[in-house]
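Visitor: In the working numbering, each residue's number is its place in the sequence shown (first place is 1) plus 21.
Even glycine gets a Cβ: it sits at the ideal position worked out from N, Cα and C.
All figures in this text were calculated on a predicted structure; none of them were measured in a lab.
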Amino acid sequence: MPPVDFGRRHFRIDTARIATRIPLRSVVISLILLAVIILGGLYSMTIGAYEVSFGEVMNALVNPAADPDIRQVVFEWRLPRVLFAVLCGAALALSGGIFQSLTRNPLGSPDIIGFGIGAQFGVTLLMLVFNLNTYAFKAVGALAGGLFTALLVYVLANKNTMSSFRLIIVGIGVSAGLGSLTSWILITVSVEKAMMAATWGAGSIASLGFDQLVPAAIVFVLVTVIALPLNRTLPVLEMGDDAATALGINPARTRLSAMIIGVALVALVTAAAGPISFIALAAPQIAQRLIRSNTPMGTIPVMLTGAALVVVSDAVAQLLEVPVGVVTVSVGGLYLAWLLARQYSRRV
Numbered sequence: 022m023p024p025v026d027f028g029r030r031h032f033r034i035d036t037a038r039i040a041t042r043i044p045l046r047s048v049v050i051s052l053i054l055l056a057v058i059i060l061g062g063l064y065s066m067t068i069g070a071y072e073v074s075f076g077e078v079m080n081a082l083v084n085p086a087a088d089p090d091i092r093q094v095v096f097e098w099r100l101p102r103v104l105f106a107v108l109c110g111a112a113l114a115l116s117g118g119i120f121q122s123l124t125r126n127p128l129g130s131p132d133i134i135g136f137g138i139g140a141q142f143g144v145t146l147l148m149l150v151f152n153l154n155t156y157a158f159k160a161v162g163a164l165a166g167g168l169f170t171a172l173l174v175y176v177l178a179n180k181n182t183m184s185s186f187r188l189i190i191v192g193i194g195v196s197a198g199l200g201s202l203t204s205w206i207l208i209t210v211s212v213e214k215a216m217m218a219a220t221w222g223a224g225s226i227a228s229l230g231f232d233q234l235v236p237a238a239i240v241f242v243l244v245t246v247i248a249l250p251l252n253r254t255l256p257v258l259e260m261g262d263d264a265a266t267a268l269g270i271n272p273a274r275t276r277l278s279a280m281i282i283g284v285a286l287v288a289l290v291t292a293a294a295g296p297i298s299f300i301a302l303a304a305p306q307i308a309q310r311l312i313r314s315n316t317p318m319g320t321i322p323v324m325l326t327g328a329a330l331v332v333v334s335d336a337v338a339q340l341l342e343v344p345v346g347v348v349t350v351s352v353g354g355l356y357l358a359w360l361l362a363r364q365y366s367r368r369v
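(1) Quick one: is L251 buried, meaning 16 or more other Cβ sit within 10 Å of its Cβ, or exposed?
(2) Can you list, in chain order, the residues of its chain with a C-beta nearer than 7 Å to that of N9? Leave out the 5 residues immediately preceding and following it.
(3) G222 lies in the alpha helix (DSSP H); which residues open and close that run?
(4) Per DSSP, what kind of secondary structure is P44 in: helix, strand or coil?
(5) Starting from the Cα of I206, find the closest Cα among N179, G143, L234 and give me that residue.
(6) Is it right to say A157 is buried, meaning 16 or more other beta carbons lie within 10 angstroms of its own, or is it exposed?
(7) Out of L355, A328, D335, S334, point me to the one whose CA is closest to Y51's CA.
(8) Can you find a CB in chain D that lies within less than 9 Å of the CB of E213?
(9) Mind checking which residues open and close the alpha helix (DSSP H) that includes D335?
(10) Taking Cβ to Cβ, would you say A304 is nearer than 9 Å to I282?
(11) Quick check: what's the CA-CA separation for L164 versus A219?
(12) Could you check whether L115 and L286 sit closer than 9 Å to each other, using their CB atoms as the reference points?
(13) At 4 residues or longer, what runs of the alpha helix (DSSP H) sit wholly inside the segment 106-137?
(14) Determine the direct distance from the alpha carbon of L63 to that of S122, and round the result to whole angstroms.
(15) In terms of alpha-carbon separation, which member of I43, I119, L60, V78 lies closest to M324?
(16) Around the Cβ of Q93, are there at least 16 other Cβ atoms within 10 angstroms (buried) or fewer (exposed)?
(17) Quick check on this structure: which residue in Y356, V337, A288, I297 has the alpha carbon closest to the alpha carbon of V161?
(18) Taking just the CA atoms, how far does L258 sit from A264?
(19) Within 10 angstroms of the Cβ of I300, are there 16 or more other Cβ atoms? Answer buried if so, exposed if not.
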């Protein structure tokens with residue numbers, strides 16, 4: 022039997038337990054993105070009040086006998102920030118890919134549907150009203166707020182059949198309402214609390230260290246492992262419920278598990294760094310175009326794209342001396358405007 026021509030080059034993995042093909046383009050793009058993350062992270066570690074050259078950063082990373090002051094700056098202050106940027110970008114991008122695949126719409130990201138706003142509202146409520154400001158309580162608040170918003174949007178948008186357009190419109194309305202509630206909380210508390218919440222709400226990873234990174238990384242790895250089967254089931258679900266059912270996939274169960282996983286990833290980032298907007302919207306679409314895929318649900322390239330975006334954005338934020346969320350909102354707003362114009366031009 023002649024081999025099947027897939028129209029592009031593939032790596033073939035064929036063992037006793039695994040048989041798969043990996044597109045060569047995906048591998049090349051992933052390696053390029055990994056290089057961008059490494060170079061961007063190294064450059065980011067040279068920026069700050071304490072001047073450290075690129076060579077000194079490299080020496081501090083590989084040489085235990087390097088200057089102890091420089092090693093302290095690099096390892097204890099700047100390396101956790103870079104690693105957090107990678108984690109936040111990967112988590113947000115994977116969440117965005119999940120929701121865009123679920124809705125079959127490039128606008129179906131947690132930023133637009135409102136799950137990110139819900140997580141932000143949950144953290145704000147616990148932080149300002151109940152004075153619970155630890156990372157654990159923030160994580161609980163973000164997860165509870167995100168899940169509550171997801172349930173509310175799902176109930177309001179579910180009318181016999183689930184329409185992606187209706188889901189997005191309802192999500193925008195719910196996020197506007199939750200945003201108003203968050204603003205109301207901010208104006209009813211003291212100025213000190215409001216300033217603290219506003220600083221957190223801008224989205225910043227500047228003050229995060231290994232104390233927050235370790236538990237966040239453990240949760241991220243667990244959630245990512247749980248999400249791996251979605252890489253197979255969600256693209257099938259994009260073909261429709263009938264096709265998915267015929268192939269042995271339960272659409273309702275898959276949607277529920279995907280929604281919980283996507284919200285958990287957003288909550289993980291929101292609890293640690295605050296709302297870092299538009300990465301979940303842009304990263305899956307950029308990755309999809311880079312690897313020329315038919316679906317935004319491509320785990321490794323999507324996560325690497327998100328990580329690269331946040332690492333580069335954080336380096337720019339340090340140069341401008343602003344929170345990373347300000348940079349992602351500025352760039353993401355332009356991307357959203359372009360995406361809306363492109364979607365409209367297709368319909369006209």
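Guide: According to the structure shown:
(1) On the sequence shown, residue 251 is found 230 positions in, with the first residue counted as 1. Its Cβ being crowded by 16 or more others within 10 Å, L251 is buried.
(2) Outside the shown range of the chain, which is 22 to 369, sits residue 9, and nothing can be said about it.
(3) By one-based count along the sequence shown, residue 222 stands at place 201. Note, G222: alpha helix (DSSP H), 212-222.
(4) Counted from its first residue, the sequence shown places residue 44 at position 23. Here P44 sits in strand by DSSP.
(5) Residue mapping note: residue 206 aligns to position 185 of the sequence shown, counting from 1. For I206, the nearest C-alpha among the options comes from G143.
(6) The sequence position of residue 157 within the sequence shown is 136, counting from 1. It counts as exposed.
(7) Counting from one through the sequence shown, the residue named residue 51 turns up at place 30. At residue 51 the sequence reads Ser, which differs from the Tyr that was named. The shortest Cα separation from S51 among L355, A328, D335, S334 belongs to A328.
(8) Protein chain content of the structure displayed is limited to a single chain, and chain D is not contained in it.
(9) To locate residue 335, count along the sequence shown from 1; it is residue 314. Note, D335: alpha helix (DSSP H), 320-341.
(10) For the purposes of this step, residue 304 is taken as residue 283 along the sequence shown, with counting starting at 1. For the purposes of this step, residue 282 is taken as residue 261 along the sequence shown, with counting starting at 1. Contact flag unset, no.
(11) In the sequence shown, residue 164 corresponds to position 143, counting from 1. In the sequence shown, residue 219 corresponds to position 198, counting from 1. Spanning the two alpha carbons is a distance of roughly 20 Å.
(12) Counting from one through the sequence shown, the residue named residue 286 turns up at place 265. Counting from one through the sequence shown, the residue named residue 115 turns up at place 94. Going by C-beta atoms, L286 is nearer than 9 Å to L115.
(13) 131-134
(14) For the purposes of this step, residue 122 is identified with residue 101 of the sequence shown, where counting begins at 1. For the purposes of this step, residue 63 is identified with residue 42 of the sequence shown, where counting begins at 1. Going from the Cα of S122 to the Cα of L63 covers about 33 Å.
(15) For this step, residue 324 is matched to residue 303 along the sequence shown. Cα-wise, what sits closest to M324 is I119.
(16) The residue labelled residue 93 in the question sits at position 72 within the sequence shown. It counts as exposed.
(17) The residue given as residue 161 occupies position 140 in the sequence shown. Nearest C-alpha to V161: A288.
(18) Locating residue 264 in the sequence shown gives position 243, where the first residue counts as 1. Locating residue 258 in the sequence shown gives position 237, where the first residue counts as 1. Each residue's alpha carbon lies about 7 Å from the other.
(19) One-based indexing of the sequence shown puts residue 300 at position 279. I300 should be labelled buried.
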